[in-house]
Structures are given as structure tokens and as C-alpha cells.
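Chemist:
Residue numbers (UniProt numbering): 1 to 478.
(1) Compare the Cα-Cα distances from residue 348 to each of 327, 330 and 397 and report the closest residue.
(2) Please report the distance separating the alpha-carbon of residue 409 from that of residue 418.
(3) Please confirm if the stretch 376-396 is in contact with the stretch 286-294, defined as three or more CB-CB distances below 8 Å between the two stretches.
(4) Would you call the stretch 95-102 and the stretch 141-150 touching, i.e. three or more CB-CB distances under 8 Å?
(5) Excluding sequence positions up to five away, which residues of its chain have a Cβ less than 8 Å from the Cβ of residue 298?
(6) Which residues in the same chain as residue 365 place their Cβ atom closer than 6 Å to its Cβ, once the five residues preceding and following it in sequence are excluded?
(7) Hey, how far is the Cα of residue 245 from the Cα of residue 272?
(8) Nearest to residue 551 by CA position, among 138, 363, 441 and 279, is which residue?
(9) Measure the C-alpha to C-alpha separation of residue 338 and residue 218 and round it to an integer number of angstroms.
(10) Determine the DSSP secondary structure at residue 129, reduced to helix, strand or coil.
(11) Return the CA-CA distance between residue 253 and residue 211, expressed in angstroms with no decimal places.
(12) Buried or exposed for residue 136, going by 16 or more other Cβ atoms inside 10 Å?
(13) Go ahead and label residue 149 buried or exposed: buried means 16 or more other beta carbons lie within 10 angstroms of its beta carbon, across all protein chains shown.
(14) What is the DSSP secondary structure of residue 34, reduced to helix, strand or coil?
(15) In the DSSP output, which residue or residues are listed as bridge partners for residue 123?
(16) What does the alpha-carbon distance come out to for the pair residue 306 and residue 322?
(17) Taking only runs that begin and end inside the stretch 246-279, name each unbroken alpha helix (DSSP H) of 4 or more residues, in chain order.
(18) Which first and last residues belong to the beta strand (DSSP E) in which residue 372 is found?
(19) Given 8 Å as the limit, is there contact between the stretch 271-290 and the stretch 416-432, that is, 3 or more CB pairs closer than that?
(20) Roughly how many angstroms separate the alpha carbons of residue 373 and residue 315, rounded to a whole number?
(21) For residue 420, collect the residues of the same chain with a Cβ closer than 6 Å to its Cβ; drop the 5 residues on either side in sequence, then sort them by chain order.
(22) So, for residue 257: in the same chain, excluding its five sequence neighbours on each side, which residues have a beta-carbon less than 7 Å away from its beta-carbon?
(23) Tell me the start and end of each unbroken alpha helix (DSSP H) in the UniProt domain "Rhodanese" (339-434) that is at least 4 residues and wholly inside, in chain order.
(24) Identify, in the order they occur along the chain, each residue of the same chain with its Cβ nearer than 6 Å to the Cβ of residue 391, setting aside the five sequence neighbours on each side.
(25) Measuring only the C-alpha atoms, how far is residue 126 from residue 363?
(26) Going along the chain, which residues of its own chain have a beta-carbon closer than 8 Å to the beta-carbon of residue 335, five neighbours each way excluded?
(27) By the DSSP assignment, the beta strand (DSSP E) with residue 302 in it spans what residues?
(28) If we ignore side chains and look at the alpha-carbon of each, how far apart do residue 415 and residue 274 end up?
(29) Contact check, residue 223 vs residue 247 under 8 Å by CB: the rounded distance?
(30) Taking buried to mean at least 16 other C-beta atoms within 10 Å of its own C-beta, is residue 130 buried or exposed?
(31) Assign residue 207 to one of two classes, buried (16 or more other C-beta atoms within 10 Å of its C-beta) or exposed (fewer than that).
(32) Which residue's Cα is closest to the Cα of residue 317: 128, 431 and 413?
(33) Compare the C-alpha of residue 326 against each of 431, 411, 196 and 442 and name the closest.
(34) Measuring CA to CA, which of 132, 411 and 393 is closest to residue 381?
(35) Hey, out of 301, 360, 356 and 310, whose CA is closest to residue 330's CA?
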């Protein structure tokens, strides 16, 4: 099975350089029926045999039409017009090959590990094993690249100087699409890491970043492909959710890598006017805090279970800085019981989070996940009637739509929320009104800003959570 049939012809010869095949893109003509489509593929993806036939990326062990492919992919393919089927098959094969190419190890690393490919922190010694891994674990990422390639193939015009893939990123072993966003190429947002030693990317002090951004994302798959390329290049692990309503990420790596990541995100045209450096919450940690890297496109960037068209982040509550929120809580705690009845300090996290840490005298709903929050509100509307509500959560993202949902009921006097969440509050007030530990959704399980313990619930909460997620629990956390 070949990526490019023999009928694909070269428009210019490959050039040989001292370092191997040059990164100058090769123009290939690919014809389907009466339609001629021009694409550009970097020779960096070709080995010695491939330069002869231009189609040496073969996959004898992979059936791209295998029935085990996801139903979602099948639906996408079924919707394609008959005339696009060949282009779609070509795009899918190309996307798969590029992803596999991105997992290749450097010559030095390969000789030390005795493996040729590495993905999800696992070494792979032959093509069959890496193909099976990518097919089983990375369909979402392959689909991201497939859509990007297909859009280029079916475009009305494609300039010969506009390459489909960024040659630099291919040369570095990481793929970035050149889809444009307001005239800005996504590959331009990949950081130049040539000045950084490879070992510095994966060693030294590490940290975990937590951030989100609500904004209109017209092409989530483009952002997905870009995020995948960026995180792979910087050796980051974690989770990134992307939707038409924005992006939500928590990633870990070396401080050098996370700094480059922040710079890349802030330089992207979609986020540079919606995010600032202060929106990134940092804590001690690293790539070891997550088992792997998971990036995907979802309906919501935080799962509340309600269509964002019905409850929008644009209808959120009033944001209070940590200083303003601290003053509000201080005033609330100094009130008499009668005056306190006019204000509710609301924790909108899950019950196992508030059990190990919370603000004093708060209302902590007994909910297992955030999608139950709307149900809780609906069942307790009288509780919120004519009240001032001060909301908070871990990093602020759940309060965005949570406060919007509460406001949509038109029962509260005012709804406020803690900007940046508990995370930002503890940066400024480690010994403030928050008591206990801060639960986090990674292998650290909890963060401590003070020595106070409000509950011995941590261990049992970790066991419950780990059983649900089928991950090991370390009792040492408590």
C-alpha cells in the first residue's frame, strides 16, 4: 500500500546536501479523474528508497479501511462526495504517515534506547508496532491532520509556494499544518527550539500549567493539530480540550518548555488578544504528573452538559480579582448570622474536592461531577433567591459557565466569581481564608499552601477517584 502512486511525478529533482536530503519542498502532481491537485511535501519524510519511487511510505500491516475505525470517522467519510473519496483516502494516509514520522527518535536517542520510534513514553522497535499504536491511540490527532490536508487538496487554488507542511517542523520530527487563521499560518506559532539543548527540554526544574480561554474558535481541528505539534515538540504531557467556545489546558514539562509553550500560545492570533501571561496558573510539577498527552476536539471545554449556544460564557458573573474576593470573604465572615443570610459563598467543585479544602463557611454542593451542577441549581432555586452569590472553583473555568447558568435563572441579586480560581487566590493569600488542600486532576492529586488539614477524607477521595479513572493511587499524597 503506497501513499503516492507511481503516476505521481516529480516536478523538480531532489537535492542532496551534506546533512542529507534538503528541506526544499518537492512539487508533486496528483490527478484524480479530471481534477489536478498540487501539493507540496517535504523530502524530510523520505528515506533513500523513497527518493527513487516517491512512494516508499508503505504500510503492509495497516488497513485504513479497517472496520474497527471509530464510528465518528466513518460518519465523516460517508458524508464526503463520491468524487472526494480518493482525495480523502490520500489525505488520511498522508496524515498517518506524518504522525508516524513525528515519533521517530534521533540517531543518538535511538542508539541508546535501541528503539526507532517513541510515542506516549513507549519505545517501538518496528513499523508494525508503532503503526498499531498510532491507529489505536491517536485516531483523533490523525483526523485533525486529515481534515487539514483535505481542505488544502480541495481548495480552489493552492499556490506552489505555499507548502502544506512546515519543512522546519518536519525536519525536527514534529508536524505542523500551514492552515491560515486571519492570514497567519499555524506553523508560525511553533517555537524555534534550535537554541535549546534537547536534554534541557526534558530535564531540570519542571512545572504544571493550568489555563483556559473562552473565545470563538472557527476551526477547532486546526487548533488541535497546532497544539499537538507544539506539545510534541516541547515534550509536554497533559490534557488540552478544544471546542468552538475556546480552549482548556493543563500541561506539564520542564520550565524551559512551559515558558516556550506560553510564548507560543500568546503569539497565536486567536489568543494573543484574549489571553495574557497572568492567565496561566503555575505550580511545581512536570511532565511526570501526567501519563501521556491527550489533545482533542469536544463540544465543551469544560463538560457541563449544556449546549454553549443556550448558556454562553458571555453571560458570566462579575469577575473579582483575588484581592477583591478576599475582601468580600472577609466582610462576609465578619457579618452577623442575620446579615450572612443575604450572601452565599458557593463552591461549585465536586464533593471530593471540597472535602479536602474549601473557604470557610461556604456552601459546598454534594455533586460528583460538574455536569450535575445545573441540576443542583434547579433543585435549589429558592436557596439562591434574592441572594448575593460569591462563586469559586479551582482555576476559574467552571465558574464561567456555572455563573452564567445561575444568572440565567434570574433569581439572584448579584453573581460574582473568583477570577483565576483558588489557584490564583493561594498565590497571593497562602494563609488566607481558604483552608486545607487544593485538589488537582493529575498525579499530584493535591497541592498544599499551608499546613492546615480540614479532613482525613483525602485518601478515600483519591481511592474513589482513581478507581473511577483506573489509575494507581499513592497513599503518600496525604
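Ideal Cβ placement from N, Cα and C applies to all residues, glycine included.
All values derive from a computational prediction rather than experimental measurement.
Modeler: Judging by the given coordinates:
(1) In the chain shown, the residue the question calls residue 348 occupies position 348. Checked all of 327, 330 and 397; the closest Cα to residue 348 is 397.
(2) Within the chain shown, numbered from 1, the residue matching residue 409 stands at position 409. Within the chain shown, numbered from 1, the residue matching residue 418 stands at position 418. Spanning the two alpha carbons is a distance of roughly 20 Å.
(3) no
(4) yes
(5) Residue numbering aside, residue 298 sits at position 298 when the chain shown is read from its first letter. Here the set comprises 241, 242 and 243.
(6) Walking along the chain shown from the start, residue 365 turns up at place 365. Excluding positions up to five away in sequence, the list reads 376.
(7) Taking the first residue of the chain shown as 1, we reach residue 245 at position 245. Taking the first residue of the chain shown as 1, we reach residue 272 at position 272. Between residue 245 and residue 272, the alpha-carbon positions lie close to 16 Å from each other.
(8) The chain is shown only over 1 to 478; residue 551 falls outside these bounds and no answer can be derived.
(9) Looking up residue 338 in the chain shown gives position 338. Looking up residue 218 in the chain shown gives position 218. Distance between the alpha carbons of residue 338 and residue 218 is about 49 Å.
(10) What you label residue 129 is simply residue 129 of the chain shown in a count that begins at 1. Residue 129: helix per DSSP, three-state reduction.
(11) Against the chain shown, residue 253 aligns to sequence position 253. Against the chain shown, residue 211 aligns to sequence position 211. Their Cα atoms are separated by approximately 15 Å.
(12) Along the chain shown, read from residue 1 onward, the residue named residue 136 stands at position 136. Here residue 136 is exposed. Its C-beta has fewer than 16 other C-beta atoms within 10 Å.
(13) The sequence position of residue 149 within the chain shown is 149, counting from 1. Residue 149 should be labelled buried.
(14) The residue labelled residue 34 in the question sits at position 34 within the chain shown. Here residue 34 scores only 31 on pLDDT, less than 50, and its place in the model should not be relied on; the value that follows carries that caveat. Coil at residue 34, not helix or strand.
(15) Indexing the chain shown from 1 puts residue 123 at position 123. BP columns for residue 123 point to 118.
(16) Here the question's residue 306 lines up with position 306 in the chain shown. Here the question's residue 322 lines up with position 322 in the chain shown. Answer to the nearest angstrom: the Cα atoms are 28 Å apart.
(17) 255-267
(18) For the purposes of this step, residue 372 is taken as the residue at position 372 of the chain shown. Counting along the chain, residue 372 falls outside any beta strand (DSSP E), and DSSP gives it neither H nor E.
(19) yes
(20) Here residue 373 refers to the residue found at position 373 when the chain shown is read from its first residue. Here residue 315 refers to the residue found at position 315 when the chain shown is read from its first residue. Cα to Cα, residue 373 sits roughly 17 Å from residue 315.
(21) In the chain shown, residue 420 corresponds to position 420, counting from 1. The answer, listed in chain order, is 396.
(22) To locate residue 257, count along the chain shown from 1; it is residue 257. Close CB contacts of residue 257 within its chain, under the 7 Å cut and outside five residues either way in sequence, are with 201, 234, 235 and 236 (chain order).
(23) 351-354, 373-379, 381-384, 397-408 and 421-428
(24) The residue given as residue 391 occupies position 391 in the chain shown. Sequence-distant partners of residue 391 (beyond 5 residues in either direction) whose C-beta falls short of 6 Å from its own C-beta, in its chain, are 346, 348, 399, 403 and 417.
(25) As a position in the chain shown, residue 126 is number 126, starting the count at 1. As a position in the chain shown, residue 363 is number 363, starting the count at 1. Each residue's Cα considered, the two are about 56 Å apart.
(26) The count along the chain shown starts at 1 and reaches residue 335 at position 335. Closer than 8 Å at Cβ, skipping near neighbours: 343.
(27) By one-based count along the chain shown, residue 302 stands at place 302. No beta strand (DSSP E) contains residue 302, which DSSP labels as neither H nor E.
(28) Here residue 415 is taken as the residue at index 415 of the chain shown, counted from 1. Here residue 274 is taken as the residue at index 274 of the chain shown, counted from 1. If I take the Cα positions, the gap works out to 23 Å.
(29) To locate residue 223, count along the chain shown from 1; it is residue 223. To locate residue 247, count along the chain shown from 1; it is residue 247. Right, the Cβ-Cβ distance comes to about 7 Å (below 8 Å), so this counts as a contact.
(30) By one-based count along the chain shown, residue 130 stands at place 130. Residue 130 comes out buried.
(31) Looking up residue 207 in the chain shown gives position 207. That one is buried.
(32) Here residue 317 refers to the residue found at position 317 when the chain shown is read from its first residue. Among 128, 431 and 413, the Cα nearest to that of residue 317 is on 413.
(33) Counted from its first residue, the chain shown places residue 326 at position 326. Taking only the C-alpha atoms, the option nearest residue 326 is 431.
(34) Sequence index remark: in the chain shown, residue 381 carries index 381 (1-based). Taking each of 132, 411 and 393 in turn and checking the Cα distance to residue 381, the smallest one comes out for 411.
(35) Counted from its first residue, the chain shown places residue 330 at position 330. Closest by C-alpha distance to residue 330, out of 301, 360, 356 and 310, is 360.
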